[in-house]
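What follows is one structure encoded as structure tokens, with my remarks underneath.
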Amino acid sequence: MSPLLDPTLQHWLDLVGIFVFAISGALLAVRKNLDVFGIAVLAEVTGLGGGLFRDVVIGAVPPAAFTDIGYFHAPLIATALVFFLHPHVERINKAVMVFDAAGLGLFCVTGTVKAHEYGLGLPASAVLGLATAAGGGVLRDVLANEVPSLLRWDRDLYAVPAIIGATAAALLLHLDALDAVTMTLAAALAFVFRLLALRFGWRAPRAWHRRSEATESEL
Amino acid sequence: MSPLLDPTLQHWLDLVGIFVFAISGALLAVRKNLDVFGIAVLAEVTGLGGGLFRDVVIGAVPPAAFTDIGYFHAPLIATALVFFLHPHVERINKAVMVFDAAGLGLFCVTGTVKAHEYGLGLPASAVLGLATAAGGGVLRDVLANEVPSLLRWDRDLYAVPAIIGATAAALLLHLDALDAVTMTLAAALAFVFRLLALRFGWRAPRAWHRRSEATESEL
Amino acid sequence: MSPLLDPTLQHWLDLVGIFVFAISGALLAVRKNLDVFGIAVLAEVTGLGGGLFRDVVIGAVPPAAFTDIGYFHAPLIATALVFFLHPHVERINKAVMVFDAAGLGLFCVTGTVKAHEYGLGLPASAVLGLATAAGGGVLRDVLANEVPSLLRWDRDLYAVPAIIGATAAALLLHLDALDAVTMTLAAALAFVFRLLALRFGWRAPRAWHRRSEATESEL
Numbered sequence: 001m002s003p004l005l006d007p008t009l010q011h012w013l014d015l016v017g018i019f020v021f022a023i024s025g026a027l028l029a030v031r032k033n034l035d036v037f038g039i040a041v042l043a044e045v046t047g048l049g050g051g052l053f054r055d056v057v058i059g060a061v062p063p064a065a066f067t068d069i070g071y072f073h074a075p076l077i078a079t080a081l082v083f084f085l086h087p088h089v090e091r092i093n094k095a096v097m098v099f100d101a102a103g104l105g106l107f108c109v110t111g112t113v114k115a116h117e118y119g120l121g122l123p124a125s126a127v128l129g130l131a132t133a134a135g136g137g138v139l140r141d142v143l144a145n146e147v148p149s150l151l152r153w154d155r156d157l158y159a160v161p162a163i164i165g166a167t168a169a170a171l172l173l174h175l176d177a178l179d180a181v182t183m184t185l186a187a188a189l190a191f192v193f194r195l196l197a198l199r200f201g202w203r204a205p206r207a208w209h210r211r212s213e214a215t216e217s218e219l
Numbered sequence: 001m002s003p004l005l006d007p008t009l010q011h012w013l014d015l016v017g018i019f020v021f022a023i024s025g026a027l028l029a030v031r032k033n034l035d036v037f038g039i040a041v042l043a044e045v046t047g048l049g050g051g052l053f054r055d056v057v058i059g060a061v062p063p064a065a066f067t068d069i070g071y072f073h074a075p076l077i078a079t080a081l082v083f084f085l086h087p088h089v090e091r092i093n094k095a096v097m098v099f100d101a102a103g104l105g106l107f108c109v110t111g112t113v114k115a116h117e118y119g120l121g122l123p124a125s126a127v128l129g130l131a132t133a134a135g136g137g138v139l140r141d142v143l144a145n146e147v148p149s150l151l152r153w154d155r156d157l158y159a160v161p162a163i164i165g166a167t168a169a170a171l172l173l174h175l176d177a178l179d180a181v182t183m184t185l186a187a188a189l190a191f192v193f194r195l196l197a198l199r200f201g202w203r204a205p206r207a208w209h210r211r212s213e214a215t216e217s218e219l
Numbered sequence: 001m002s003p004l005l006d007p008t009l010q011h012w013l014d015l016v017g018i019f020v021f022a023i024s025g026a027l028l029a030v031r032k033n034l035d036v037f038g039i040a041v042l043a044e045v046t047g048l049g050g051g052l053f054r055d056v057v058i059g060a061v062p063p064a065a066f067t068d069i070g071y072f073h074a075p076l077i078a079t080a081l082v083f084f085l086h087p088h089v090e091r092i093n094k095a096v097m098v099f100d101a102a103g104l105g106l107f108c109v110t111g112t113v114k115a116h117e118y119g120l121g122l123p124a125s126a127v128l129g130l131a132t133a134a135g136g137g138v139l140r141d142v143l144a145n146e147v148p149s150l151l152r153w154d155r156d157l158y159a160v161p162a163i164i165g166a167t168a169a170a171l172l173l174h175l176d177a178l179d180a181v182t183m184t185l186a187a188a189l190a191f192v193f194r195l196l197a198l199r200f201g202w203r204a205p206r207a208w209h210r211r212s213e214a215t216e217s218e219l
């Protein structure tokens, strides 16, 4: 997408990001008792949904998800892996979360850069960077008929790291200081923040009045 | 969108419409116990979703939601308001419903006009006017994992006022009689119809056979 | 869409396909106790959603769903029929399933061909053929707040016939052997496979480890 990184490296990073997102979709599909096609659809949607949404919105059609066949195959490999080995994949859930955090960091930055290349302003580009990183997971949860975990109070911070990474990328674009090194730093910032949120169970607050009630009704 | 109204006035009306739609999204988010990012996402989706859908369908990309930064900020203000003051916002729920009806009236008309400007036929433009007005609320309910209230039997009429306003706008376009005054009248028609539906609890019928059963099973 | 079939015939086939898909949407709306507008919206979404998604993704905007007014009317006729006669429509549910299978066969082939006409590669075109055929049903179930039956283990095969038909169409395009006869054969292949899946209750497997557990927890 961006000429800032070595294209081959960029492509491999994209594939890894799509793959780990797809793993999270496939695992949810197994938990929801879906069949093998349900697993594949959730894997594809989770891996490609965020980028697909961004590309449709910025007018980059047909989207990269449909022009690069590798992007389509990565979720199928995730599907096969989870289909045959899901108890083992569940067991390495922590490793999956780490890779997912890496995908989050990567896509919030590359999504922001691609949206800006298509002529969007910096704030709008950052919003699309967030949508690129988090959109697949939202579609995954909608298809699985659950409230998106992105929105839920009882899940560790997911949007904030992506917002930080996307904002950092937008700031770098604004300062004309975006290159392979600073881009990697912005992605690493989001990645590390997400890991810390997981490690320490950081959560976002709910509406002010709500909190006092909840301690009664939910405990 | 339309040169028929004073652009500054049009822009302010759009912002007010987006803001009140966003309030309804933020309130639902609080009721669903979402965190502050969930509130912001539901506010953005409710405020901007209908217009975003219209713009993607008619090929107006990047959509206005991403090119006018004010459109993005209005839901954030709604988020802050609901986050800190939601018991008070709930208390003025009736006022919110009145503003929401105004947003409905406004967007069903401006959505129809914009779709027609992009070359769609009059019936298709009216459908997109309806989608502009009601689409954000549908996305809001899908993300909150509820059956869209637009579709539900036990909610007061919401689609009908929007259909009336969009049809009136399409008729005015057909008669080449659309100007600031007639456009305002079309929006006011939808607005008043929605207020009457709320006041008198107007509902749409369900399938014929269904009604007799329902009186038994639901009471 | 495709000049391969007589355009008038193609158009009538499209209308029939949209109509039968819309019937399935309208029937689900009645089962979910929605009002007449909910029935109409689910009918429209089920009938037109798959093609709309394809057209937005390949950049064919405004989509056919909004440029051909007949496409919009077919679901309204389905709505009226189900609204007044739904117990009778339920009774001929088997006939509806047969027509739905015909729509599935038709759209997976024409969707693949249209995507290819817009410059997509063959694998991506086949994926969009599947999305054209199955997308409307997925949107229907999401709006009705259910896990899409396409993804569910306890439903007869739906994706596989569409994948077969779309793959056959892509192979014919690859071999430059697509004409009215072979196209009809590809659609018939998907149609017959779907009927067999219905007749014999063919289902797709779930994840390996899952099956043994499920026999205990679900029986």
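Residue numbers (our numbering), protein chains in the order written: chain A, 1 to 219; chain B, 1 to 219; chain C, 1 to 219. Just so you know, even glycine gets a beta-carbon here, dropped at the ideal spot from N, CA and C.
- Burial state of B:PRO75 is buried, judged by a 10 Å Cβ sphere holding 16 or more other Cβ atoms.
- DSSP lists C:ARG206 as the beta-bridge partner residues of A:ASP35.
- Neighbours of A:ALA101 across chain B, judged by C-beta separation under 9 Å, do not exist; the nearest C-beta is about 17 Å away.
- For C:GLY59, the nearest CB of chain A lies under 9 Å from its own CB, placing it at the interface with that chain.
- In this structure, the CA atom of A:LEU173 is about 23 Å from the CA atom of A:ALA101.
- Within chain B, the C-beta atoms nearer than 7 Å to that of C:VAL82 come from ALA207, in chain order.
- In the DSSP annotation of this structure, the continuous segment of the alpha helix (DSSP H) that includes A:ALA170 starts and ends at 159-174.
- The beta carbon of B:PRO148 is closer than 6 Å to those of VAL138, ASP141 in its chain, skipping five residues each way along the sequence.
- Leaving aside the five residues that flank B:ALA166 on each side, the residues in its chain whose CB is nearer than 6 Å to its CB run, in chain order, CYS108, THR112, ALA126, GLY129, LEU130.
- Boundaries of the alpha helix (DSSP H) around C:LEU76: 69-91.
- Taken through DSSP and simplified to helix, strand or coil, B:ARG140 comes out as helix.
- In the three-state DSSP reduction, B:ARG152 falls in the strand class (E or B).
- Where B:LEU185 is concerned, the enclosing alpha helix (DSSP H) starts and stops at 180-200.
- Considering only B:LEU34, B:GLN10, B:HIS11, the residue with the shortest C-alpha distance to A:TRP208 is B:LEU34.
- Under the Cβ criterion (8 Å, minimum of three pairs), the region 60-80 of chain C counts as touching the region 44-52 of chain C.
- Rounded to the nearest whole angstrom, the CA to CA distance from C:ALA177 to A:VAL98 is 48 Å.
- About 6 Å separates the beta carbon of C:ASP156 from that of C:GLY201, a gap short enough to meet the 8 Å contact definition.
- Around the beta carbon of B:ALA95, fewer than 16 other beta carbons sit within 10 angstroms, so the residue counts as exposed.
- Separation of B:ALA26 and C:ILE39 (C-alpha to C-alpha, rounded to the nearest whole angstrom) is 27 Å.
- At the C-beta level, B:ALA124 and B:LEU150 stay beyond 9 Å of one another.
- The region 76-90 of chain B makes no contact with the region 87-94 of chain C, as fewer than three CB pairs between them are under 8 Å.
- In this structure, C:ARG199 and C:LEU104 do not form a Cβ contact; the two beta carbons are roughly 15 Å apart against a cut-off of 8 Å.
- With contacts defined as CB atoms closer than 9 Å, A:THR67 and C:LEU120 qualify as a contacting pair.
- For B:ALA43, the CB contacts under 6 Å within the same chain, skipping 5 residues up- and downstream, are ALA22, GLY25, ALA26, PRO75, ALA78, THR79 in chain order.
- If you draw a straight line from the Cα of B:ARG152 to the Cα of B:ALA144, it is about 15 Å long.
- Chain order gives no chain C residues near A:HIS174, where near means a beta carbon separation below 7 Å; the closest approach is about 30 Å.
- At a cut-off of 9 Å between beta carbons, C:LEU42 contacts chain B.
- Under the 10 Å beta carbon count, C:PHE84 is surrounded by fewer than 16 other beta carbons and is classified as exposed.
- For C:ALA168 and B:LEU15, the gap between their C-alpha atoms comes out near 50 Å.
- Judged by DSSP in its simplified three-state form, B:ALA115 adopts helix.
- Leaving aside the five residues that flank A:VAL30 on each side, the residues in its chain whose CB is nearer than 7 Å to its CB run, in chain order, ILE39, VAL82, HIS86.
- Contact of A:ALA124 with chain B by beta-carbon distance below 8 Å involves PRO62, PHE66, THR67, ILE69, PHE72.
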